[in-house]
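Protein chains in written order, with the numbering used here: chain A, 1 to 354; chain B, 1 to 354. Beta carbons: idealized from backbone N, C-alpha and C, even for Gly.
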DNA sequence: ATCGATTTGAGGTGCGCACCTCAGAATTTT
DNA sequence: AAAATTCTGAGGTGCGCACCTCAAATCGAT
């Protein structure tokens, strides 16, 4: 229990205490009020005063005490996660992590809400977003396919002063929206590389199954996957992407057809969010192809353990949630974000490192 | 900018404001002073009062406001990272992360120091630890091989009231020390599984090179690695562990000898912290074996990109540092730790998911 | 019943900052 | 020059909690 007297001498490898706003005011030769005005971007400060404060900040190495600031700024950030309404295992996991984060961040004065967007009806989804008022909400993390309606809604939200990040599924970067999620092309390439290595010298067809190829994410993953097999690999044929539309029956049907059409299937890449649908179909097949899926869920985890799945390419939902919240918070407080810390890693899971 | 008036009505998916200690005192029918005594584990409270407070905590769902608490408890935690003196690339990366974390946590009133321990001389290392006073330091994360001297020094530190976690290299769990790091047996098994899959139908010898097999970590990794090849794999021979002692010349020598003795080498598992030594030797060989190493460093990253390394099994140094600090802090504040959040993942890196 | 020990309550202080007010100073405009 | 405007400083308040003191109440044992 080390108390920290002001002006504590530097000892060992430790640093001394940090200057406060009072020290800053003194160093800058202005009053606390002016320091406050500069620090919090209030109006009515002359250029020379602003300059003096900034110079003093540099000189004495002032850093705002975030703990005290968030306490004093009796303002809990309210963030919304806008997620698709259709339920998938990955979304369930994500919701769990959001709930977990909500509990953890109550202590930090952050309130978390969830809004479900009707994917089938972009207009309705856009209206849900438009209904969010800046009074109720400081920031929104949006996971939705990019449509003109959504794009407009996002634009209007930002005009209302609500911070927005695009979450997991990337909105076009042109708008300058921060993106929280993995590089899907790299994720696809990762899956492709594993597939190729696991296949070794084997030859045959590789099937690719997506929920739908409408979404940017699936496209990017497929493109990344293909980069690995492009060129000199005549013995491996990556077949056109099959689409399941998240429908168990259709999944069964398209897979059965594909297996019939290509008796030499040696690999199966499950791009989409519902790999368990395909895995269920596959369970009945005798010689299983090398199978790689995305996202760790109870289903994929079990399949990995049971050997029905050879690898899973994953993005950590906990990280996604926390990163989105950190970015939104930084934006609210007009702090810079450390891009390096916010990069979501592409994780590879096999049975041994679960 | 949402202000949070007390007794704010619940809106949307948001939660209402949290009760304060004052509310808690009222609910428990005791005074603020008694609530304070219970919350902070001070003495002189009857069992019945303690009971009443805890019941009230449950009932009204009180949760301490960490922001206010850390501000009021004008006590900056001081934590030390005690690391080996011998420099490796992994340690350099680790030091970078520690420096980064130090900067980031100044705002949270946490001070971070680094202490280097002379590995060659356990007595000297133990003395360095013994010199740490509880006045100067609230917690220590120790990365060191377990020796009787270190064990005793740790014991004495704990008796002095300094919190300790064993860091990266595990001290025996018998002492009830929290451990921050990966399960090395699982990490070894992960490397083994990748090796086996990457080898496919190939047959031959697999070499294993460690810095030294003195450390528990290397032993565990080797054991985990072997589990994958145990039993029905006559075509793959995992050879006895070679030791480099971190010496470039010796590395070169033992590897050259091993390659001479086993012309059929198809795999190379680099257990230790200095894979770059072996990689340098390997660069001159024509047909490279499947090579797997531990820990992402500039060297291993480059080797992955250049194809000289096929996979890296990794533990994130940033996570390690933050997790150690979180655990130490939780111990200082007598808070429980969320074991699930503190599990360090075994990451798999290939060229595509860097 | 008396004494000591234990338990409790009331109250205060301060952490570092955000945010507010209002009066006075410095500057610009008329 | 006066008036209007912009800028500045001094001061206060409160966030939720930790930590402190001191007096009063309660308890147990003799």
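Interface residue (Cβ-Cβ distance to chain B less than 9 Å): residue 181/A is not classified as such.
Distance from the CA of residue 19/A to the CA of residue 110/A, rounded to the nearest whole angstrom, comes to 27 Å.
With a threshold of 16 other beta carbon atoms within 10 Å, residue 269/B meets it and is buried.
When the five nearest sequence neighbours on each side are left out, the beta carbons in the same chain lying within less than 8 Å of the beta carbon of residue 346/A are those of 182, 183, 186, 187, 190, 313, 314 and 315, in order along the chain. Under the three-state reduction of DSSP output, residue 318/A falls in the helix class. Annotated three-state conformation of residue 278/B is helix, per DSSP. Between the stretch 297–309 of chain B and the stretch 82–92 of chain B, the count of Cβ pairs shorter than 8 Å is three or higher; the stretches touch. Legend: CB atoms of the stretch 194–218 of chain B lying less than 9 Å from CB atoms of chain A belong to residues 194, 197, 198, 199, 200, 201 and 202. About 6 Å separates the beta carbon of residue 117/A from that of residue 84/A, a gap short enough to meet the 8 Å contact definition. Residue 341/A has a beta carbon lying within less than 9 Å of a beta carbon in chain B. By the 16-neighbour rule on beta-carbons within 10 angstroms, residue 203/B is exposed.
Excluding the 5 residues flanking it on each side, residue 69/A has no same chain C-beta neighbour closer than 7 Å. Between the C-alpha atoms of residue 51/A and residue 34/A there is a straight-line separation of about 11 Å. A check of alpha carbon separations from residue 329/B across 201/B, 265/B, 272/B and 178/B identifies 178/B as the nearest.
Within the same chain, Cβ atoms closer than 7 Å to the Cβ of residue 281/A are found at 251, 252 and 255, the five residues on either side in sequence being excluded.
Across the stretch 151–177 of chain B, CB contacts with chain A closer than 9 Å involve 161, in sequence order along the chain.
With a threshold of 16 other beta carbon atoms within 10 Å, residue 139/A meets it and is buried.
Nearest neighbour of residue 170/A by Cα position, chosen from 157/A, 160/A and 147/A, turns out to be 147/A. Remark: C-beta atoms of residue 354/A and residue 290/A do not approach each other more closely than 9 Å. For residue 313/B, the nearest beta carbon of chain A is closer than 9 Å to its own beta carbon. Between residue 277/B and residue 309/B a beta carbon distance of about 13 Å is seen, past the 8 Å cut, so the two are scored as non-contacting. In the displayed model, residue 347/B falls within a strand according to three-state DSSP. The beta carbon of residue 37/B is closer than 6 Å to those of 45 in its chain, skipping five residues each way along the sequence. Contact between residue 273/B and residue 243/B fails: their C-beta atoms lie close to 13 Å from each other, not under 8 Å. Between the alpha carbons of residue 166/A and residue 224/B lies a distance of about 41 Å. Cβ proximity to chain A below 9 Å picks out nothing from the stretch 291–303 of chain B. From the beta-carbon of residue 67/A, the residues of chain B found nearer than 8 Å are 67, 70, 71, 107, 108 and 109. Distance between residue 205/B and residue 267/B, taken at the CA atoms: about 7 Å. By the C-beta density criterion, residue 211/B is buried, having at least 16 other C-beta atoms within 10 angstroms.
For residue 350/B, the chain A residues whose C-beta falls within less than 9 Å of its own C-beta are 190, 193, 194, 197 and 348, listed in chain order.
The bridge partners DSSP lists for residue 181/B come to none. When CB distances to chain B are screened at a threshold of 9 Å, the residues of the stretch 112–131 of chain A falling below it are 112, 113, 114 and 115, in chain order. Comparing C-alpha distances from residue 76/A to each of 142/A, 61/A and 108/A shows the shortest one belongs to 108/A. Under the Cβ criterion of 9 Å, residue 41/A is not counted among the residues facing chain B. A buried status is given to residue 294/A, since no fewer than 16 other beta-carbon atoms sit within 10 Å of its beta-carbon. Its Cα nearest to that of residue 104/B, the residue 322/B stands out among 336/B, 338/B and 322/B.
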